[in-house]
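In my numbering, the protein residues as written are 64 to 161.
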């Protein structure tokens with residue numbers, strides 16, 4: 064079974080996308096079940112460069128299963144904003160890693 068989810072990548076993560084998908088929301092056909100991690104990898108984005116993922120405006124971990132119609136926002140490392148209270152991908156945001 065396949066279904067559609069909507070993705071938007073931010074800042075330098077757009078460099079991994081074809082020009083036609085950069086800096087805007089695009090549809091992606093997903094085969095069930097697919098995790099956020101699998102979808103990120105399928106887009107050619109290294110997961111280690113992703114610091115925050117929101118699905119329908121809520122922070123989720125990499126193992127979150129994508130559902131029909133989900134709106135997914137994928138963010139890179141935050142240089143000046145502390146996201147430690149919202150990120151669910153790791154124990155600490157990437158900027159704070161030693």
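C-beta atoms are modelled at their ideal positions from N, C-alpha and C, and glycine is treated no differently. Just so you know, these numbers come straight off a predicted model, no measurement behind them.
Reduced DSSP category for residue i - H, G, I as helix; E, B as strand; rest coil
i           : result
residue 39  : As displayed, the chain neither begins before 64 nor continues past 161, which places residue 39 out of reach and without an answer.
residue 80  : coil
residue 105 : helix
residue 152 : coil
residue 160 : With a pLDDT of 49 at residue 160, under the threshold of 50, the modelled position of this residue cannot be trusted, and the question is left open.
residue 121 : strand
C-alpha gap between residue i and residue j, whole angstroms
i           : j           : result
residue 160 : residue 111 : For residue 160, the predicted structure reports a pLDDT of 49, less than 50, and the residue's modelled location is therefore unreliable. A value from the coordinates is still provided. Cα to Cα, the separation comes out at about 12 angstroms.
residue 73  : residue 127 : 19 angstroms
residue 64  : residue 113 : 27 angstroms
residue 81  : residue 154 : 31 angstroms
residue 76  : residue 139 : 6 angstroms
residue 134 : residue 149 : 17 angstroms
residue 95  : residue 145 : 33 angstroms
residue 136 : residue 158 : 19 angstroms
residue 70  : residue 142 : 22 angstroms
residue 97  : residue 129 : 6 angstroms
residue 106 : residue 78  : 11 angstroms
residue 132 : residue 102 : 14 angstroms
8 angstroms contact criterion, which residue i and residue j should meet: CB distance rounded
i           : j          : result
residue 115 : residue 91 : Residue 115 to residue 91, Cβ: 19 angstroms. No contact.
residue 93  : residue 66 : 6 angstroms
Residue i: CB within 8 angstroms of a non-hydrogen atom of the ligand PLP
i           : result
residue 115 : As for the ligand PLP, it is missing from this structure, which has no ligand bound.
- Contact between the stretch 119-131 and the stretch 81-90 (3+ Cβ pairs under 8 angstroms): Segments in contact, no.
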